[in-house]
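Peer 1: Protein chains in written order, with the working numbering: chain B, 1 to 231; chain X, 1001 to 1231.
Ideal Cβ placement from N, Cα and C applies to all residues, glycine included.
Fair warning: this is a prediction, and the values are worked out from it, not measured in the lab.
Handing you this structure, nothing more for now.
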DNA sequence: AACGTTTTTTTCCAACTGGTCAAATTTCTG
DNA sequence: CAGAAATTTGACCAGTTGGAAAAAAACGTT
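Right, dumping it as structure tokens:
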């Protein structure tokens, strides 16, 4: 006579779904749980960033994470849960540089270093950039609220700072919102359209140096534009 | 006793698969065929541009085209066929503006009008832009050859033109490849990241005027940059 | 070693996927 | 209008997909 098993003991404390409210006991979360979750998130980032939410399959992710599908589902009971967690984590990282733009600093260096940081992120976290891009292309169904809320407030805030700098004559007058857009666009381009950039630059110029070339170019573009300086 | 039918008469002349070689007779192609194919391509553009190749389903496309799946498959026997045709058509449209940049023209107006045209395309053909973006994010598996071939040659060509203009002192010196990238990035941003642009600009500023604002801003950016002109 | 707990694997399923096939219907041409 | 060709539909299929359930294995504690 086999011993009586309790059906499906305690599932790992998943704080993923924001728990509604007062979760009686948060459940400690073991070391293995954290490790595996990290592995899964990393694998999922690779898959989601390439194929988008719909195009990605749990099998692909499980495969990339080196575990079976049911095993993966033990840690993240739904596909959406993984995606949501990735998006949340990514957004925080993604907006950090803009937050750091300091209104008490020197305008030109501040902008310059914002551009540099964004470009570094495109270089160091291309998958995060593509995950975000994919979400945008689909109409941001899962993060629209954040865009229209938190993000908008942040941009409004920084746009004000930029306007003030313009009023003080520290930088030339231009639409601050579109200025921010143009920084986003030019830098993220090197992550999102990386294949194209490499293909066009070719083997010789498309190597590791391309980010430095880009940095130099963007410096020129944003600082002085294309009009030739008349001697 | 039902009359004997010939099994599956003549399928519509599909020149899609490039027919190997000497296709005996191209088959005229009826009016209905052209119409339906257009409807399908239009519907497919909408679906592929949002979900990417993997994420899009034939059912979705058939639905959007207002016909049954087998009916759609009658015109395009494979999903890939539809996608390939869309990509090909789109690439031609997409590169036209760059082709039109005239080396015998006045440099500054030429660049200015290239930017304007690209921005108009982002406004008028956002789905095409997103289709392209989706393909890029996935690593361009279906068009890499074109990127590294035709596109690269075109860009090399125009980069030479830009360099010449720089040598002549008509525009300031900067990496011509990254200059082209930055024009692509800033203009396509308004198609690919449209949701974000709208969300950040809000109801009032995010309306139809946003493209004019963008045009004005890009004009400033590319012409004079951000450094304040010292009086 | 013996226990409960956590993790993993095996098996399974219903819905969806891209695609086929033959029959039914519509359209075109004389 | 008849007959052939073109178009559309309905039934179907094998493979994939997200996910459930339960048993098996591994782990941690005493």
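1. Run the CB neighbour count on residue 133(B), radius 10 Å, all protein chains shown included, and call it buried at 16 or more, exposed below.
2. Determine the extent of the alpha helix (DSSP H) in which residue 106(B) is found, giving its start and end residues.
3. Using 10 angstroms around the beta-carbon of residue 1196(X), count the other beta-carbons present and answer buried if the total reaches 16, otherwise exposed.
4. Give a yes or no on whether the C-beta atoms belonging to residue 1159(X) and residue 1177(X) are separated by under 8 angstroms.
5. List, in chain order, every chain B residue whose beta-carbon is nearer than 8 angstroms to that of residue 1147(X).
6. Write down the C-beta distance between residue 192(B) and residue 1136(X) rounded to the nearest angstrom, noting that I regard them as a contact closer than 8 angstroms.
7. Does residue 58(B) get closer than 8 angstroms to chain X when you measure Cβ to Cβ?
8. Could you give the DSSP three-state label for residue 1097(X): helix, strand or coil?
9. Rounded to whole angstroms, what's the CA-CA distance from residue 1232(X) to residue 1126(X)? Just pull it up for me.
10. Can you confirm whether the stretch 1104-1123 of chain X touches the stretch 1208-1216 of chain X when touching is taken to mean that 3 or more C-beta pairs between the two stretches lie within less than 8 angstroms?
11. Just to confirm the assignment, what range does the alpha helix (DSSP H) spanning residue 1170(X) have?
12. Report the option in 1211(X), 1151(X), 1200(X) and 1163(X) whose CA atom is closest to the CA atom of residue 1093(X).
13. What is the DSSP secondary structure of residue 1213(X), reduced to helix, strand or coil?
14. On the three-state DSSP scale, how would you describe residue 63(B)?
15. Below 7 angstroms, is the gap between the Cβ of residue 167(B) and the nearest heavy atom of the ligand GDP?
16. Specify the secondary structure class of residue 1138(X) as computed by DSSP and reduced to three states.
17. If residue 220(B) and residue 122(B) are in contact, beta carbons under 8 angstroms, what's the gap, nearest whole angstrom?
18. If you measure beta-carbon to beta-carbon, which residues of the stretch 1098-1120 of chain X are closer than 8 angstroms to chain B?
19. Would you kindly report the start and end of the unbroken alpha helix (DSSP H) that includes residue 198(B)?
20. Could you tell me whether the Cβ atoms of residue 111(B) and residue 1179(X) are closer together than 8 angstroms?
21. Return the residue from the list 1030(X), 1037(X) and 1161(X) that minimises the CA-CA distance to residue 1085(X).
22. Using the three-state DSSP reduction, which class does residue 143(B) fall into: helix, strand or coil?
23. Could you spell out the range, first to last residue, of the alpha helix (DSSP H) harbouring residue 70(B)?
24. Kindly say whether residue 52(B), judged by its beta-carbon, lies nearer than 8 angstroms to any beta-carbon of chain X.
25. Counting contacts by CB-CB distance shorter than 8 angstroms, is residue 1134(X) in contact with chain B?
26. Express the C-alpha separation of residue 34(B) and residue 77(B) in angstroms, rounding to a whole number.
27. Hey, is the stretch 1037-1046 of chain X in contact with the stretch 1056-1067 of chain X, meaning 3+ C-beta pairs nearer than 8 angstroms?
28. Is residue 1051(X) near residue 169(B), with beta carbons less than 8 angstroms apart?
29. Give me the chain B residues within the contact set of residue 1222(X), using Cβ-Cβ distance strictly less than 8 angstroms, ordered along the chain.
30. With distance defined between alpha-carbon atoms, name the residue in 200(B), 69(B) and 154(B) nearest to residue 1148(X).
31. Taking C-beta to C-beta, are residue 1165(X) and residue 1107(X) nearer than 8 angstroms?
32. Mind listing which residues of the stretch 150-175 of chain B have their C-beta closer than 7 angstroms to chain X's C-betas, in chain order?
33. Let me confirm a value: residue 1138(X) is counted as buried when at least 16 other C-beta atoms fall within 10 Å, else exposed. Which label applies?
34. Can you tell me the Cβ-Cβ gap for residue 163(B) and residue 98(B), rounded? I've got them flagged as a contact below 8 angstroms.
Peer 2: According to the structure shown:
1. The Cβ neighbour count for residue 133(B), taken over all protein chains shown within 10 Å, is at least 16; the residue is labelled buried.
2. Where residue 106(B) is concerned, there is no enclosing alpha helix (DSSP H), given that its DSSP letter is neither H nor E.
3. buried
4. yes
5. 195, 196, 199 and 200
6. Cβ atoms of residue 192(B) and residue 1136(X) come within 8 angstroms of each other, at about 6 angstroms.
7. no
8. helix
9. There is simply no residue 1232(X) to check, as chain X begins at 1001 and stops at 1231 in what is shown.
10. With the cut-off at 8 angstroms, the stretch 1208-1216 of chain X and the stretch 1104-1123 of chain X touch.
11. Run containing residue 1170(X): none; DSSP gives neither H nor E here.
12. 1151(X)
13. helix
14. helix
15. By its list of ligands, the structure shown contains no ligand whatsoever, and the ligand GDP lies outside what it can speak to.
16. DSSP places residue 1138(X) in coil when its eight states are reduced to three.
17. Going by Cβ atoms, the distance from residue 220(B) to residue 122(B) rounds to 18 angstroms, so no, they are not a contact pair.
18. 1108 and 1111
19. 194-205
20. no
21. 1037(X)
22. Taken through DSSP and simplified to helix, strand or coil, residue 143(B) comes out as coil.
23. 69-75
24. yes
25. Answer yes: the Cβ-Cβ gap between residue 1134(X) and chain B drops below 8 angstroms somewhere.
26. About 15 angstroms.
27. yes
28. no
29. 221, 225 and 226
30. 200(B)
31. yes
32. 151, 152, 155, 169, 170, 171, 172, 174 and 175
33. buried
34. In fact, because the Cβ distance is near 15 angstroms, the residues do not count as touching under 8 angstroms.
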